[in-house]
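Working notes, beginning with the structure itself.
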Amino acid sequence: MVKNGRVSVVIIVVIGLILLAGTSAFAQYYVQPMQPQMFEMPYAAQQYLTPVPTITPCPQTVPNYWQNPQCVYQQGLQLVKARRYYEAIQTFQYFLQYYPQSSLADNALYWTGECYYAMRQYSVALAYFQQIPAQYPRGNKVPDSLLKTALCYFSMRQNAAGCQALNTLLTYYPRSESAQKAWRWQNRCGWGGGYQNPCYPQQPTYPTYPTWDSGSSYYPTYPTVSPYGYGSDNSFPKNY
Numbered sequence: 001m002v003k004n005g006r007v008s009v010v011i012i013v014v015i016g017l018i019l020l021a022g023t024s025a026f027a028q029y030y031v032q033p034m035q036p037q038m039f040e041m042p043y044a045a046q047q048y049l050t051p052v053p054t055i056t057p058c059p060q061t062v063p064n065y066w067q068n069p070q071c072v073y074q075q076g077l078q079l080v081k082a083r084r085y086y087e088a089i090q091t092f093q094y095f096l097q098y099y100p101q102s103s104l105a106d107n108a109l110y111w112t113g114e115c116y117y118a119m120r121q122y123s124v125a126l127a128y129f130q131q132i133p134a135q136y137p138r139g140n141k142v143p144d145s146l147l148k149t150a151l152c153y154f155s156m157r158q159n160a161a162g163c164q165a166l167n168t169l170l171t172y173y174p175r176s177e178s179a180q181k182a183w184r185w186q187n188r189c190g191w192g193g194g195y196q197n198p199c200y201p202q203q204p205t206y207p208t209y210p211t212w213d214s215g216s217s218y219y220p221t222y223p224t225v226s227p228y229g230y231g232s233d234n235s236f237p238k239n240y
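Numbered according to UniProt numbering, the sequence shown spans residues 1 to 240.
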């Protein structure tokens, strides 16, 4: 009986070992492939995400645009040429507020008046043009402002005041470009065959200006044909 019992124990142990070995083989065959292997993930996990673009940082020192009066003035001119008059007025007002002593202050004042003139707000434009001879009598915009003063008066049907402004322009600045333009409105003043400048009794010549042929919409009130047949004044003054 003892021998048979030992045999039974040995058999049970052998069967247990066989079952254990089978279980291990089963687990290795069915469970192990479910775990990801190294060769199945050749890239790191973060490389499967969308790459973030590289952003170049801005330079540390950026010049302040509004601290340069020349840049502010040029910006205003570009807005005028683009016919963005309200923005141009704001730019020139900023310029006049922060740079009143600049050599371009009279120019900024003049172009503010030009913006209002282009929008047909003649009374407002006139107020700006009249400030230039009073505040900047030696500035380069005095002849232009006198001419535009006359044109504002003509647009408001105040011919007497307009003729007075033209007379001032032709008397004190007879050689200026604005004076050459002023001759085109002499018929409104009843000067007929030509205004006789007391300082220059000899009648001046009237050259043609073939390059003045762009931007006519800026000045809708200008005559289409001048008394001398040179056409209308279709450009801004050139001494910006």
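No residue lacks a Cβ here, since even glycine has one placed at the ideal position from N, Cα and C.
Quick caveat, the model's predicted, so the values are computed rather than measured.
Nearest by alpha-carbon distance to residue i: which of the options is it?
i    : options                   : result
Q158 : C189, K181, P133 and E114 : C189
A134 : N68, T149 and L77         : T149
L96  : M156, N167 and Q67        : Q67
S102 : A82, Y116, L77 and G139   : G139
Y73  : T91, C163 and G162        : T91
In angstroms, rounded to a whole number, what distance separates the CA positions of residue i and residue j?
i           : j    : result
Q93         : A108 : 8 Å
Y98         : P137 : 21 Å
residue 245 : Y153 : The chain is shown from 1 up to 240; residue 245 falls before or after that span and cannot be answered.
P143        : L104 : 16 Å
E87         : L146 : 25 Å
A127        : Q180 : 24 Å
A160        : A182 : 15 Å
V80         : R175 : 27 Å
L151        : L77  : 21 Å
S178        : G162 : 14 Å
Y172        : P69  : 31 Å
C71         : R83  : 18 Å
A165        : I89  : 25 Å
P100        : W191 : 39 Å
R120        : N167 : 24 Å
Enumerate in chain order the residues of its own chain whose CB-to-CB distance from residue i is below 7 Å, with the five nearest sequence positions on each side excluded.
i           : result
residue 241 : Any property of residue 241 remains undetermined from this structure, which presents the chain solely from 1 to 240.
G113        : A125, Y128, F129 and K148
Can you give me the Cβ contacts of residue i inside the same chain, cut-off strictly under 6 Å, excluding the 5 residues immediately before and after it?
i    : result
M156 : Y122
Q75  : T91
C115 : Y85, A88 and I89
I12  : none
Of all Cβ atoms in chain C, is any one closer than 8 Å to the Cβ of residue i?
i    : result
G190 : Absent from the structure: chain C. Only one protein chain is present.
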